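J.: Just so you know, the protein sequences line up as chains Y and D, in that order. According to the working numbering, the first sequence holds residues 1 to 254 in order. According to the working numbering, the second sequence holds residues 1 to 506 in order. Don't be surprised by glycine CBs; every beta carbon is placed ideally from N, CA and C. All values reported here derive from a predicted model rather than from experimental measurement. Questions regarding the structure given below will be posed in turn.
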Amino acid sequence: MIELRNVQKSFDNDSTFAVVDSSFSVERGELLGLIGESGCGKTTTLKMINRLEEPSHGSIYIDNQNVLERNPEELRRNIGYVFQGIGLFPHYSIRENVAAVPTLLDWNAEHIEARCREILDLVGLPIDDFGDRRPSQLSGGQQQRVGVARALAAEPDVVLMDEPFGALDPITRVELQEEFKRIQRELALTVIMVTHDMIEALLMADRIAVMKKGEILQIGTPRELINSPAHEYVKEIVEMPKRRADNLEKLMHP
Amino acid sequence: MNDNLREQLLLLPEYFQGHLVLTLVALAIGIAISIPLGIWASQSQMVKRPLLTTVSIIQTFPSVAILALVVALLGGQIGLVPAIIALVLYCMLPIVRNTVTGLETVSDDVVEAARGIGMSSRQILVKVRLPLALPIIIAGIRTAAVWTVGLATLSTLVGATSFGNYIFTGLQTRNLVSVTVGSLAAAILAVTLDSIIGGLQWLSENQNGKEAVLKFKKAWVLVITVILVGVSFSVYSLLNKPAADFIVGGKGFTEQYIIAGLLTAELEEAGFKIDQRLGLGTEVIYQATANGMVDIYLEYSGTVWANRMNETSNPGRQTVLTKVGDFVQENDGMYNVGPLGFQNLYALAMRKDRAAELGIETIDDMIPIANTLVAAGDLEFFGRPEWITLRDTYNIDFAEKLTFDTALMYTAVDRGQVDIITAYTSDGRIDAYNLKIIADPRNSLLPYDGMLIASASAAKNPLFLEIVGGLVNRISDETMREANRIVDVNGGSITDAVNYLRGMIR
């Protein structure tokens with residue numbers, strides 16, 4: 001479904017690389033977690049897929065089509081994107097925010113209204129209660145639900161998420177993670193999700209790619225990463241949640 | 001209601017219309033130019049710096065200077081066009097600056113999101129950045145609107161009608177009612193525009209909930225409609241105003257207003273339709289008449305002799321008059337109608353009691369003590385060649401040479417703040433303030449015969465020439481001084497003085 005071949009990105013004419021020779025693929029209906037410290041190149045990798053950044057070398061295919069050969073705006077309209085800073089349009093109502101991409105795709109008004117109703121129901125914000133409000137009148141969790149609804153509104157097959165739940169409080173975060181996982185399964189979405197939270201990656205992702213300093217150290221299922229880490233760093237970051245779970249266990253059963 | 005106030009209020013519709021058209025047309029053009037420039041600047045650092053510097057520099061120019069420069073650049077054209085150009089130049093800074101600031105303050109997250117969902121650069125600008133910058137842009141327009149209303153009063157100086165007509169005429173004819181009416185009217189217009197635009201700004205900042213959005217859109221549409229209808233109506237009526245047969249011009253002081261009133265009354269009586277352009281500067285009115293934008297006005301022989309012919313000698317009253325008459329015809333293609341009969345000379349004047357105290361009768365008497373005296377001149381005198389001639393002829397200079405607006409100059413000598421002023425011999429205020437004209441036995445000061453100069457096109461009309469020619473040599477020094485006195489001292493209107501003159505001529 002999505003395939004990266006020897007993708008590299010340099011912001012300084014190939015002196016240093018933010019992304020070093022990355023190749024991986026994501027299957028249809030799969031959720032790939034892209035994890036690493038800040039500055040490791042995971043967001044840059046994500047942005048190259050919908051051409052918010054252009055790769056310096058290598059190529060990226062979606063459905064066997066080279067994204068560099070597609071019109072970037074048309075490409076982005078067909079890929080859902082959930083932003084780290086949520087990035088709702090403050091001057092649009094919730095309905096208008098969700099309708100943004102279908103409007104760009106010239107859907108007719110009835111179709112857009114029906115789709116807004118459907119998708120806002122799906123994220124638990126009924127249009128009759130929330131449609132006319134402004135983003136500033138919603139809580140952080142509700143805003144990110146709208147962010148998810150906006151990304152899904154035009155029925156994309158592929159969704160890119162950049163630390164989508166990072167800004168939320170822990171309870172809301174868990175709630176949204178579970179909900180999104182349900183939606184993703186239901187709609188069989190192909191998702192790449194950037195995160196720095198290993199627990200989030202382990203619980204949500206079908207496979208996880210661990211990045212460090214622009215390089216992908218290992219790609220595998222959560223189980224593979226835990227059982228056979230290929231790298232010291234991978235071992236370290238997958239053990240962290242385990243250690244915390246052990247500590248909790250000790251607290252509960254001393 | 002007193003007569004003076006009623007007379008002023010009768011002028012209100014015409015001045016209001018002029019002022020409104022100037023303000024709104026200038027503002028509309030200013031917005032149409034400045035917002036795109038601001039957008040351009042926000043996209044390119046190469047453009048931003050030079051552009052913001054340029055509009056800031058324009059702003060630092062004195063507004064009167066901008067007006068004069070625009071008139072000069074347009075080759076002496078006066079009226080709406082130069083006034084609007086100057087106002088547009090002046091109102092650009094706050095709009096350009098606020099457009100740039102407004103666009104720059106839109107959050108990067110929101111712009112990134114707009115790109116990420118597939119908006120083109122143009123869509124990002126139109127659908128996201130401009131709407132979010134709107135409150136700040138409107139704030140800039142609001143500032144520009146208030147400035148423009150204020151500055152539009154100066155348009156009077158280049159012959160465009162505005163509330164400035166009240167203010168400048170009032171200042172020169174010591175009519176405080178007129179000054180007050182003009183200032184209040186401009187202030188009310190400024191406050192009204194400010195609150196209309198302020199309301200829009202408030203609505204654009206508080207677009208919460210559907211009702212408010214709808215109200216905002218309704219208010220927006222309503223205000224824009226009202227403004228558009230108002231402007232198009234005003235412009236239409238200005239354009240559709242029956243064209244005047246002749247335009248009578250005048251500089252900005254009492255005697256000029258009176259003679260312009262006299263010319264207008266005489267020509268209208270003969271059935272001509274007349275427009276007036278009053279309060280024009282010396283340079284502007286000469287150019288405008290040469291271009292045919294003014295058809296007739298009162299000039300002074302000495303002014304042309306010194307300012308335009310650059311002569312410094314004084315060959316005598318008659319020679320100057322003849323040579324100046326030839327000059328305006330041959331050099332600038334205008335028509336010399338002839339002298340009216342009175343002179344308006346520059347003369348040194350003192351309070352009678354002060355002159356007696358110091359024993360001064362002539363400039364010669366002043367020589368030994370001149371360096372202890374404080375002199376006040378009008379805006380021009382100490383910059384004119386005749387001051388040099390006077391200084392060199394008598395070999396005198398004063399302790400201080402101050403420059404005043406004419407009306408304030410007379411007040412200053414009356415209060416004893418200055419010893420000597422450069423008065424005008426036909427000025428009614430000489431008697432009113434009990435001043436003594438200091439004799440000039442060595443004839444250093446130039447003769448200033450009042451003479452009518454007409455445009456080439458107007459001079460082709462025989463009836464016109466017959467009427468204005470009929471005024472030649474009909475107004476004596478005493479008659480003119482009395483007419484000036486009626487306005488400056490007795491507080492009468494220009495119409496009163498015109499009626500007096502017409503009575504004397506008959």
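Below 8 Å, how does it come out for the segment 300-319 of chain D and the segment 254-274 of chain D: are there three or more Cβ pairs, yes or no?
T.: With a cut-off of 8 Å, the segment 254-274 of chain D and the segment 300-319 of chain D do not count as touching, because too few Cβ pairs lie within range.
J.: Closest to Ala185(D) by CA distance: which of Tyr15(D), Ala439(D), Asp496(D) is it?
T.: Taking the second sequence and counting its residues from 1, the one referred to as residue 185(D) is at position 185. When each option's Cα is compared against that of Ala185(D), the closest is Tyr15(D).
J.: Give me the Cα-Cα distance between Met151(Y) and Phe61(D), rounded to the nearest whole angstrom.
T.: Residue 151(Y) sits at position 151 when you count from the first residue of the first sequence. Residue 61(D) sits at position 61 when you count from the first residue of the second sequence. Sequence inspection shows Ala at residue 151(Y); the Met mentioned does not correspond to that position. Spanning the two alpha carbons is a distance of roughly 53 Å.
J.: Could you tell me whether the Cβ atoms of Thr153(D) and Ser162(D) are closer together than 9 Å?
T.: Within the second sequence, numbered from 1, the residue matching residue 153(D) stands at position 153. Within the second sequence, numbered from 1, the residue matching residue 162(D) stands at position 162. Yes. Within cutoff.
J.: Can you pull the chain D neighbours of Leu260(Y), defined as C-beta to C-beta under 8 Å?
T.: Nothing can be reported for residue 260(Y), as the shown portion of chain Y is limited to 1 through 254.
J.: Report the rounded CA-to-CA distance for Glu104(D) versus Arg70(Y), giving the unit in angstroms.
T.: Taking the second sequence and counting its residues from 1, one reaches residue 104(D) at position 104. Taking the first sequence and counting its residues from 1, one reaches residue 70(Y) at position 70. In a straight line, the C-alpha of Glu104(D) is about 30 Å away from that of Arg70(Y).
J.: Using a C-beta to C-beta distance shorter than 8 Å, which residues of chain D count as neighbours of Asn50(Y)?
T.: The residue you call residue 50(Y) lines up with position 50 of the first sequence. Here the neighbours are Gly116.
J.: Using 8 Å as the cut-off, can you tell me whether the segment 443-450 of chain D makes contact with the segment 340-348 of chain D, which would need three or more C-beta pairs spanning the two stretches below that distance?
T.: Segments in contact, yes.
J.: On the premise that Gln8(Y) lies in contact with Val20(Y), defined as a C-beta separation below 8 Å, what is that separation, rounded to the nearest angstrom?
T.: By 1-based counting over the first sequence, the position of residue 20(Y) is 20. By 1-based counting over the first sequence, the position of residue 8(Y) is 8. Contact flag correct, Cβ pair sits at about 6 Å.
J.: Would you please verify whether the beta carbon of Val221(D) is less than 9 Å from any beta carbon of chain Y?
T.: Translated into positions along the second sequence, residue 221(D) becomes position 221. So, not an interface residue.
J.: For the segment 122-146 of chain D, enumerate the residues whose C-beta is nearer than 9 Å to any C-beta of chain Y, in chain order.
T.: Taking 9 Å as the Cβ-Cβ cut-off against chain Y, the residues of the segment 122-146 of chain D that qualify are Gln123, Lys127, Val128, Pro131, Leu132, Leu134.
J.: Skipping 5 residues on each side, what residues in its chain have a beta carbon closer than 8 Å to that of Phe327(D)?
T.: As a working mapping, residue 327(D) is identified with position 327 in the second sequence. The residues are Val304, Arg308, Met309.
J.: So which residues of chain D does Tyr81(Y) contact, with C-beta pairs closer than 7 Å?
T.: Counting from one through the first sequence, the residue named residue 81(Y) turns up at place 81. Within chain D, the residues near Tyr81(Y) are Gly116, Ile117.
J.: Suppose you measure from the CA of Met46(D) to the CA of Asp246(Y); what does that come to, to the nearest Å?
T.: Sequence index remark: in the second sequence, residue 46(D) carries index 46 (1-based). Sequence index remark: in the first sequence, residue 246(Y) carries index 246 (1-based). Roughly 59 Å between the two C-alpha positions.
J.: Give the straight-line distance between the Cα atoms of Ile124(D) and Arg115(D), rounded to the nearest whole angstrom.
T.: Numbered from its first residue, the second sequence carries residue 124(D) at position 124. Numbered from its first residue, the second sequence carries residue 115(D) at position 115. When rounded, the distance between both Cα atoms is 7 Å.
J.: Where does Asn64(Y) fall in DSSP's three states?
T.: Position 64 of the first sequence, counted from the start, is the residue given in the question as residue 64(Y). Asn64(Y): coil per DSSP, three-state reduction.
J.: Output the distance between the C-alpha atoms of Pro229(Y) and Ile237(Y), rounded to the nearest integer angstrom.
T.: Along the first sequence, one-based indexing puts residue 229(Y) at 229. Along the first sequence, one-based indexing puts residue 237(Y) at 237. Straight-line Cα distance between these residues: approximately 10 Å.
J.: Can you tell me whether DSSP reads Met119(D) as helix, strand or coil?
T.: Here the question's residue 119(D) lines up with position 119 in the second sequence. Here Met119(D) sits in coil by DSSP.
J.: Taking beta-carbon pairs under 9 Å, can you tell me which members of the segment 94-117 of chain D lie near chain Y?
T.: So the list reads Ser107, Asp108, Asp109, Val110, Val111, Glu112, Ala113, Ala114, Arg115, Gly116, Ile117, given in the order they occur along the chain.
J.: Give the straight-line distance between the Cα atoms of Glu361(D) and Met350(D), rounded to the nearest whole angstrom.
T.: Residue mapping note: residue 361(D) aligns to position 361 of the second sequence, counting from 1. Residue mapping note: residue 350(D) aligns to position 350 of the second sequence, counting from 1. Glu361(D) and Met350(D): Cα-Cα distance of roughly 10 Å.
J.: So for Asn2(D), helix, strand or coil by DSSP?
T.: Sequence index remark: in the second sequence, residue 2(D) carries index 2 (1-based). Coil, per DSSP.
J.: Residues in the segment 63-80 of chain Y with C-beta within 9 Å of chain D's C-beta atoms, listed in sequence order?
T.: Taking 9 Å as the Cβ-Cβ cut-off against chain D, the residues of the segment 63-80 of chain Y that qualify are Pro72, Glu73, Glu74, Leu75, Arg76, Arg77, Asn78, Ile79, Gly80.
J.: Could you tell me the distance, in whole angstroms, from the CA atom of Val229(D) to the CA atom of Gly131(Y)?
T.: By 1-based counting over the second sequence, the position of residue 229(D) is 229. By 1-based counting over the first sequence, the position of residue 131(Y) is 131. Roughly 36 Å between the two C-alpha positions.
J.: How would you write the range of the alpha helix (DSSP H) that Pro102(Y) sits in, first residue to last?
T.: Within the first sequence, the letter at position 102 stands for residue 102(Y). 100-104 is the extent of the alpha helix (DSSP H) around Pro102(Y).
J.: Have a look at Ala190(D), Ser183(D), Ala260(D) and flag the residue whose alpha-carbon is nearest the alpha-carbon of Leu278(D).
T.: Your numbering for residue 278(D) matches position 278 in the second sequence. For the residues Ala190(D), Ser183(D), Ala260(D), the minimum Cα distance to Leu278(D) belongs to Ala260(D).
J.: Could you tell me whether the Cβ of Phe165(Y) comes closer than 9 Å to any Cβ of chain D?
T.: Locating residue 165(Y) in the first sequence gives position 165, counting from the first residue. No, Phe165(Y) lies away from the interface with chain D (no Cβ there is under 9 Å from its Cβ).
J.: Answer with yes or no whether the minimum CB distance from Leu88(Y) to chain D is below 9 Å.
T.: Sequence index remark: in the first sequence, residue 88(Y) carries index 88 (1-based). Output row for Leu88(Y): interface = yes.
J.: Evaluate Pro126(Y) with the Cβ neighbour count: other Cβ atoms within 10 Å of its Cβ, from every protein chain shown; 16 or more gives buried, anything less gives exposed.
T.: Position 126 of the first sequence holds residue 126(Y). The residue in question, Pro126(Y), is exposed, as its Cβ has fewer than 16 Cβ neighbours within 10 Å.
J.: Use the C-beta contact count for Ala253(Y): other C-beta atoms within 10 angstroms, 16 or more gives buried, fewer gives exposed.
T.: Locating residue 253(Y) in the first sequence gives position 253, counting from the first residue. Here residue 253(Y) turns out to be His, not Ala, going by the sequence shown. Exposed is the call here.
J.: Which residues in the same chain as Val98(Y) place their Cβ atom closer than 7 Å to its Cβ, once the five residues preceding and following it in sequence are excluded?
T.: What you label residue 98(Y) is simply residue 98 of the first sequence in a count that begins at 1. Around Val98(Y): Cys116, Ile119, Leu120, Val146, Ala149, Arg150, Ala153.
J.: Have a look at Met92(D) and Phe382(D) and give me their C-alpha separation to the nearest angstrom.
T.: Start at 1 with the first residue of the second sequence, and residue 92(D) comes out as number 92. Start at 1 with the first residue of the second sequence, and residue 382(D) comes out as number 382. When rounded, the distance between both Cα atoms is 36 Å.
J.: Tell me the DSSP bridge mates of Ile396(D)?
T.: The residue given as residue 396(D) occupies position 396 in the second sequence. Note: Ile396(D) sits in no beta bridge, so no partner.
J.: Indicate, with yes or no, if the ligand FAD has a heavy atom lying under 8 Å from the CB of Glu200(Y).
T.: Within the structure as shown, the ligand FAD is missing, as the structure has no ligands at all.
J.: Hey, would you say Ser22(Y) sits closer than 9 Å to Gly58(Y), going by beta carbons?
T.: Here residue 22(Y) refers to the residue found at position 22 of the first sequence. Here residue 58(Y) refers to the residue found at position 58 of the first sequence. It is a contact, given that the beta carbons lie within the stated cut-off.
J.: How many Å lie between Leu27(D) and Gly150(D) at the Cα?
T.: Taking the second sequence and counting its residues from 1, the one referred to as residue 27(D) is at position 27. Taking the second sequence and counting its residues from 1, the one referred to as residue 150(D) is at position 150. Roughly 12 Å separates the two Cα atoms.
J.: Could you tell me whether any Cβ in chain D is nearer than 9 Å to the Cβ of Gly39(Y)?
T.: Locating residue 39(Y) in the first sequence gives position 39, where the first residue counts as 1. No, Gly39(Y) does not count as interfacial toward chain D.
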